[in-house]
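Be aware that the first sequence starts at 21, since it is given in this note's numbering, and climbs by one per residue.
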Amino acid sequence: MIDDITLSNITKRGVKEIISETEFVELLNSGRKLRLKMGFDPSRPDIHLGHVVGLRKLKQLQDLGHQVILIVGDWTAQIGDPSGQSITRPMLTHDQVKNNAESYLKQFFRVVDQEKTEVVWQSEWFGDFKLSDVITLTSKFTVAQFLERDDFAHRFKEHKPIAITEFLYPLLQAYDSVAIESDVEFGGTDQMFNLLVGRTLQQLNGMKPQQCFLMPILVGTDGVNKMSKSLDNYISLDETPDDMYGKIMSLPDDCITNYFELLTDIPLTELKIMESSLPDNAMNYKKLLAHTITLDFFDKQIANDSQNNFENVIQNKGIPANIPIYNLIDNTDNLDIGNILLASNIVTSNSELKRLLKQNAVQIINPDGSTEDIRTTTSAINLTSGTVIKIGKRRYLKIV
RNA sequence: GGAGCGGUGGGAGAGUGGUUAAAUCCACCAGACUGUAAAUCUGGCGUCCGGAAGGACUACGUUGGUUCGAAUCCAACCCGCUCCA
21 MIDDITLSNI TKRGVKEIIS ETEFVELLNS GRKLRLKMGF DPSRPDIHLG HVVGLRKLKQ
81 LQDLGHQVIL IVGDWTAQIG DPSGQSITRP MLTHDQVKNN AESYLKQFFR VVDQEKTEVV
141 WQSEWFGDFK LSDVITLTSK FTVAQFLERD DFAHRFKEHK PIAITEFLYP LLQAYDSVAI
201 ESDVEFGGTD QMFNLLVGRT LQQLNGMKPQ QCFLMPILVG TDGVNKMSKS LDNYISLDET
261 PDDMYGKIMS LPDDCITNYF ELLTDIPLTE LKIMESSLPD NAMNYKKLLA HTITLDFFDK
321 QIANDSQNNF ENVIQNKGIP ANIPIYNLID NTDNLDIGNI LLASNIVTSN SELKRLLKQN
381 AVQIINPDGS TEDIRTTTSA INLTSGTVIK IGKRRYLKIV
């Protein structure tokens, strides 16, 4: 038997819904090593913090001795996620899929225990699929059943397109559950329909239906919409530690507790206390949050450095430790400050440069610490080794 | 087979002959303020030339055409969608 605190951490925290919870708890208590299914679509290899919520859940269960089966959706990737609007999606070559999968796995195992994970490819079973198998599979469901799905129902009503292949998507995903004999499948709430089809299909194949673990949606850095790459409000695992820390600091204050709950192990009792004093300590709590999460993906030294960097650069308006460098010796021809910025790709066009100058965003920091604002590229500027050019709050270029 | 609709800037989405480098929103950038790269406010947000005023070029699926002038009209084409059968 699992103790109550652990159990509630698993079934309550960072979970939207479990179907069905009682069956799931029974399974947990059965002492059997459970097969936890998680699939991903190799057309989008990036993992961001939104995904991490679910991955942490997998890790928790692994720590109790269960087995993760990670499915590389090399077939479903070609169909595209029905919840997305863009139907047209270029078919990926085998090499692209492979590369994407590798990149995904690398990130995946930063959260999930590789030792307790089995990676399988959909093509292992769909590769041999024949038309007759497809027909058998499709014959199990009706159009009406599929139109039950919110997304389909909505689009159907609005006279918006639904590709036939999109109907196939849940079927393939469901069949994965049959193929790997999953006990539990994990997904976001938008995956509910697909996971439930898996349940049904397993039953139709004489198996015990899987439990469905629905993860809550994490809001993105805008504090409003769900974290997603297409909304550009995501924090990727590929972020540099400084950026990861900084992006977390850029979250609206009222996201803090939610992030603590979904992405850290801070006890809920502590979180309660924190919540009550949040308005007065938002800054400190957010720093703690940023540090805690950064620490999950990097070592302690790096997390500390990121915090120092933030305090130094943002709070004290200092110069960050690692900034791009422009070497005067290699580039003797044109010492115009505009050319230097353009050549270093700090600024992407002349027009942008002019705008920045006009907006008073360009500043020279001399080696002796004195500063001067630059309003025009033609003013006489003494660029010597050790000078730093600062653009806005976050762009720097050091002259050597 | 028939009928209709649509393709606009990073995204969403207006605009149906000139005042449109193209409303608005989101994202993004800068400035102010601040406890943060929070919030709020202000400004900006194609490229090139110019100190600036301003000018030039490129852009609204593609190619042609009408016109002094086209994202806007016409033709053909390409792509997509919906409905009826």
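We treat Cβ as the ideally placed atom computed from N, Cα and C, and that holds for glycine. All values reported here derive from a predicted model rather than from experimental measurement.
Span of the beta strand (DSSP E), counted from its first residue to its last, around residue i
i      : result
Phe60  : Arg55 to Phe60
Arg415 : Arg415 to Ile419
Lys410 : Val408 to Ile411
Ile39  : Glu37 to Ile39
Residue i to residue j span [Cα, whole Å]
i      : j      : result
Trp95  : Leu191 : 12 Å
Thr108 : Leu188 : Confidence at Thr108 is low in this model, with a pLDDT of 44, below 50, so the placement of that residue should be treated as unreliable; the coordinate-derived value is given next. Taking the straight line joining both Cα atoms gives about 15 Å.
Gly147 : Leu157 : 15 Å
Ser123 : Asp66  : 8 Å
Ile22  : Ile39  : 19 Å
Lys150 : Ala97  : 19 Å
Lys180 : Gly51  : 48 Å
Phe206 : Arg414 : 39 Å
Asp101 : Glu186 : Only weak support exists for where Asp101 lies, its pLDDT of 48 falling under 50; the coordinates are left without a value.
Gln142 : Tyr279 : 33 Å
Phe161 : Thr220 : 10 Å
Asp24  : Thr31  : 10 Å
Ile313 : Met303 : 15 Å
Arg175 : Asp316 : 40 Å
Lys77  : Val382 : 46 Å
Asp171 : Val35  : 22 Å
Phe318 : Gln230 : 35 Å
Ile384 : Gln335 : 19 Å
Glu281 : Pro287 : 8 Å
Ala363 : Asn380 : 21 Å
Val74  : Gly208 : Checking the sequence, you will find Gly at residue 74 rather than Val. Roughly 8 Å between the two C-alpha positions.
Tyr265 : Asp393 : 29 Å
Gln127 : Glu144 : 23 Å
Ile200 : Ile89  : 8 Å
Asn359 : Pro387 : 21 Å
Asp133 : Arg55  : 14 Å
Ile184 : Glu259 : 37 Å
Asp273 : Met235 : 22 Å
Asn324 : His311 : 7 Å
His114 : Glu295 : 49 Å
Lys418 : Thr391 : 14 Å
Ser371 : Arg395 : 14 Å
Start-to-end residues for the alpha helix (DSSP H) that takes in residue i
i      : result
Gly218 : Met212 to Leu224
Met235 : Unbroken run through Met235 is the beta strand (DSSP E), Gln231 to Met235; no alpha helix (DSSP H).
Gln193 : Ile184 to Ile200
Glu259 : No alpha helix (DSSP H) holds Glu259; DSSP gives it neither H nor E.
Glu205 : From DSSP, Glu205 is part of no alpha helix (DSSP H) but of the beta strand (DSSP E) over Val204 to Gly208.
Lys77  : Leu69 to Asp83
Gln165 : Val163 to Leu167
Glu178 : From DSSP, Glu178 is part of no alpha helix (DSSP H); its letter is neither H nor E.
Val154 : Leu151 to Thr158
Glu144 : Ser143 to Phe146
Met294 : Leu288 to Ser296
Phe128 : His114 to Phe128
Asp325 : Lys320 to Phe330
Ile334 : Looking at the DSSP string, Ile334 is not in any alpha helix (DSSP H), and its letter there is neither H nor E.
Ile22  : Unbroken run through Ile22: none, as it is neither H nor E.
Which listed residue (the options) has its alpha carbon closest to that of residue i
i      : options                           : result
Arg375 : Ile360, Phe60, Ile411 and Thr391  : Ile411
Val204 : Ser364, Met58, Leu362 and Asn29   : Met58
Val163 : Gly70, Val217, Ile339 and Leu403  : Val217
Ile349 : Ile255, Arg64, Ser405 and Gln165  : Ser405
Ser248 : His71, Glu295, Glu201 and Asn332  : His71
Asn329 : Tyr305, Ile343 and Asp316         : Ile343
Leu224 : Ser197, Asn370 and Glu281         : Ser197
Thr42  : Leu78, Phe166, Cys232 and Gly34   : Cys232
Glu168 : Ile200, Asn214 and Ser202         : Asn214
Leu47  : Ile322, Asp356 and Leu27          : Leu27
Asp61  : Ala310, Lys36 and Ile91           : Ile91
Gly389 : Ile339, Lys378 and Leu373         : Ile339
Gln222 : Glu37, Ser202 and Leu234          : Ser202
Ser270 : His68, Pro236, Thr391 and Leu309  : Leu309
Asp15  : Gly226, Asp263, Gln211 and Cys275 : Since the first residue shown for the chain is 21 and the last is 420, residue 15 is missing from the structure and cannot be characterised.
Tyr416 : Lys337, Thr397, Ser369 and Lys378 : Lys337
For residue j and residue i, believed in contact at Cβ under 8 Å, the rounded distance
i      : j      : result
Lys53  : Gly85  : 6 Å
Val420 : Asn347 : 5 Å
Gly240 : Leu257 : Not quite, the Cβ-Cβ distance comes to about 15 Å (not below 8 Å), so this is no contact.
Leu403 : Ile357 : 7 Å
Lys307 : Gln327 : 7 Å
Ile255 : His68  : 6 Å
For residue i, the residue or residues it bridges with in DSSP
i      : result
Thr137 : Val88
Asp393 : Gln383
Ile345 : Lys418
Val239 : Lys246
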